[in-house]
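Participant: Note that this note's numbering numbers the sequence shown so that position 31 is 32, with each residue one more than the last.
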Amino acid sequence: DKKTGLEFIKGHGAVPVSIDESDCDTWAHGKARFSGETQEFTLKTIKAIEEGPLRAGIRMTSTLNTSILVQDFLLRHDSPEIEVRVRLDLREKHRAIKLGFGVNVEDPVATYEIPYGYISRPTDGRENPGQQWIDVSGTGENGEIKGLTLLNDAKFSYDVLGSTMRMTIARSPMYADHFGIRDDFPYFLDQGIQEFKYALIPHSGDWREANPSRKAQELNEPSVQVAGSPHKGTLPQTLEFIRIDARNVIATALKRSEDNDGFILRCYETDGADTQVRIELPLLGRAWDARFGSCEIKTFWIPEDAAGAVEERNLVEMKL
2 DKKTGLEFIK
12 GHGAVPVSID
22 ESDCDTWAHG
32 KARFSGETQE
42 FTLKTIKAIE
52 EGPLRAGIRM
62 TSTLNTSILV
72 QDFLLRHDSP
82 EIEVRVRLDL
92 REKHRAIKLG
102 FGVNVEDPVA
112 TYEIPYGYIS
122 RPTDGRENPG
132 QQWIDVSGTG
142 ENGEIKGLTL
152 LNDAKFSYDV
162 LGSTMRMTIA
172 RSPMYADHFG
182 IRDDFPYFLD
192 QGIQEFKYAL
202 IPHSGDWREA
212 NPSRKAQELN
222 EPSVQVAGSP
232 HKGTLPQTLE
242 FIRIDARNVI
252 ATALKRSEDN
262 DGFILRCYET
272 DGADTQVRIE
282 LPLLGRAWDA
292 RFGSCEIKTF
302 WIPEDAAGAV
312 EERNLVEMKL
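(1) Do Gly294 and Asp275 have their C-beta atoms within less than 7 Å of each other?
(2) Evaluate the contact criterion for the segment 169-185 versus the segment 91-104: three or more CB pairs, one atom per stretch, below 8 Å.
(3) Verify whether the separation of the beta carbon atoms of Asp79 and His179 is less than 7 Å.
(4) Between the Cα of Asp108 and those of Tyr199, Thr124, Glu114 and Glu222, spot the shortest distance and give me the residue it belongs to.
(5) Return the chain-ordered list of same chain residues with a C-beta closer than 6 Å to the C-beta of Glu82, the five sequence neighbours on each side being excluded.
(6) Is the CB-CB distance between Thr322 and Arg279 below 7 Å?
(7) Give, in chain order, every unbroken run of the beta strand (DSSP E) that is at least 3 residues long and sits entirely within the segment 239-284.
(8) So, with DSSP's three-state summary, where would you put Asn221?
(9) Answer yes or no: do Thr150 and Ala57 have a C-beta to C-beta separation smaller than 7 Å?
(10) Measuring straight from C-alpha to C-alpha, what distance separates Glu222 and Tyr269?
(11) Compute every distance between the C-beta of Leu149 and the non-hydrogen atoms of the ligand SAH, then say whether any falls below 6 Å.
(12) Relative to the C-alpha of Ile47, which residue among Ala29, Gln72 and Thr39 is closest?
(13) Run through DSSP, which three-state label would Ala33 get?
(14) For a quick check, are the C-beta atoms of Asp90 and Ile194 less than 7 Å apart?
(15) Within 10 angstroms of its Cβ, does Glu114 collect 16 or more other Cβ (buried), or is it exposed?
(16) Excluding the 5 residues preceding and the 5 following Gly163 in the sequence, name in chain order all residues of the same chain whose CB lies nearer than 7 Å to its CB.
(17) In chain order, what residues of the same chain have a beta carbon less than 7 Å from the beta carbon of Leu321, not counting five sequence neighbours either side?
(18) Is it the case that the Cβ atoms of Tyr117 and Ile265 are separated by a distance below 7 Å?
(19) For Thr64, which residues in the same chain have their Cβ closer than 8 Å to its Cβ, ignoring the five residues on either side in sequence?
(20) With DSSP collapsed to three states, give me the class of Pro54.
(21) Do Leu285 and Ala217 have their beta-carbon atoms positioned less than 7 Å apart in this structure?
(22) Taking the beta strand (DSSP E) that Lys299 falls in, what are its first and last residues?
(23) Using the C-alpha atoms, what's the distance from Phe157 back to Ile135?
(24) My understanding is that Glu318 touches Trp302, with C-beta atoms under 8 Å, so please give their C-beta distance in whole angstroms.
(25) At what residues does the beta strand (DSSP E) containing Glu145 begin and finish?
(26) Run through DSSP, which three-state label would Trp208 get?
(27) Does the distance from the CB of Ala33 to the CB of Arg127 come in under 7 Å?
(28) So Arg60 and Lys198 are in contact, right, with Cβ under 8 Å, and what is the actual spacing, rounded?
(29) Give me the Cβ distance between Leu100 and Val16, rounded to the nearest whole Å; I'm assuming they're in contact under 8 Å.
(30) Excluding the 5 residues preceding and the 5 following Gly206 in the sequence, name in chain order all residues of the same chain whose CB lies nearer than 6 Å to its CB.
(31) Would you kindly check if the distance between the Cβ of Gly103 and the Cβ of Lys3 is under 7 Å?
Below, the structure is given as structure tokens:
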């Protein structure tokens, strides 16, 4: 991090490895970790692909036998985040493919996103599920607290051993295999080309400083730009559809109510902190205040009649 001078990676980062899992069935039943023989991909080329004033990028191409992994690392102007666009052409069989990141901290703590919340898990190398982000934080070389957050848009399995976190990006077991009679022409999973994105956010302090839940949504649901020609209209040049004044409260759904008598908005608190928040929907002419507890989910009913009060409902839209 050029602003702080802190080093966040220990050793090499984004290292692709292939792990033998021929002792697993299709679903890896009964396996707590992938611990078979490991092979690293060989880095073949590094080249610059962008060198503009707003974004720079390098492309790293790695191979293993006939499999090819291409990672495009993109760094935006004045942003600590690195976005990585990945293209994997997998030909390995009975292998788990992982990307590893050694985080430069001691006494590591691993935190995983779970639906509408987060959980800390042991750093013992066990394979664990996670949603759109995972973080490893701990004590840095100068005694400061820091960490590295990994966001992704398509992969939901990880392991953390010590301060090294790895994301499982592919598995190639045999299709529907329970170690029974195997077909003469078996199918193997995850073969061929796949594309996905992930991002890295270094941060001082604990994982909350990276604001990972919001950043992960931005990665998974990028804004859509539509080009149009000049024309007359009634809307201003700048307009927000929804405004929430707390960084740790996120809107996850907005739709018509099941009774078709208004709208339903669902929000939740991301950081485990009691929070007072103001929510505004300018196009509906609505604004109200709400208090969220730690990781609390709230569902609001906004009546069609603008004179009606906004009410809190339960998860199936019924009155509390």
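For every residue, glycine included, the Cβ atom is placed at its ideal position computed from N, Cα and C. From a predicted model like this one, the values you see are computed outputs, not experimental measurements.
Facilitator: Reading off the structure:
(1) yes
(2) yes
(3) no
(4) For Asp108, the closest C-alpha among the options Tyr199, Thr124, Glu114 and Glu222 is that of Thr124.
(5) Ala200 and Ile202
(6) Only positions 2 to 321 of the chain appear in this structure, which leaves residue 322 out of reach.
(7) Counting whole runs of 3 or more residues, the segment 239-284 contains the beta strand (DSSP E) stretches 250-257, 263-270 and 276-282.
(8) helix
(9) no
(10) 17 Å
(11) No copy of the ligand SAH appears in this structure; indeed no ligand is present at all.
(12) Gln72
(13) coil
(14) For the 7 Å CB-CB criterion, Asp90 and Ile194 form a contact.
(15) buried
(16) Pro109 and Thr124
(17) Glu313, Arg314 and Asn315
(18) no
(19) Excluding its 5 nearest sequence neighbours in each direction, Thr64 has C-beta neighbours in its own chain below 8 Å: Phe42, Thr43, Lys45 and Leu70, listed in chain order.
(20) Here Pro54 sits in coil by DSSP.
(21) No.
(22) The continuous beta strand (DSSP E) containing Lys299 extends over residues Ile298 to Pro304.
(23) In this structure, the straight-line span from the alpha carbon of Ile135 to that of Phe157 is close to 10 Å.
(24) 7 Å
(25) Premise fails: Glu145 is in no beta strand (DSSP E) and is neither H nor E.
(26) If DSSP states are grouped into helix, strand and coil, Trp208 belongs with the helices.
(27) yes
(28) About 14 Å separates the Cβ atoms of Arg60 and Lys198, ruling out a contact at the 8 Å cut-off.
(29) 7 Å
(30) Within the same chain, Cβ atoms closer than 6 Å to the Cβ of Gly206 are found at Ile146, the five residues on either side in sequence being excluded.
(31) no
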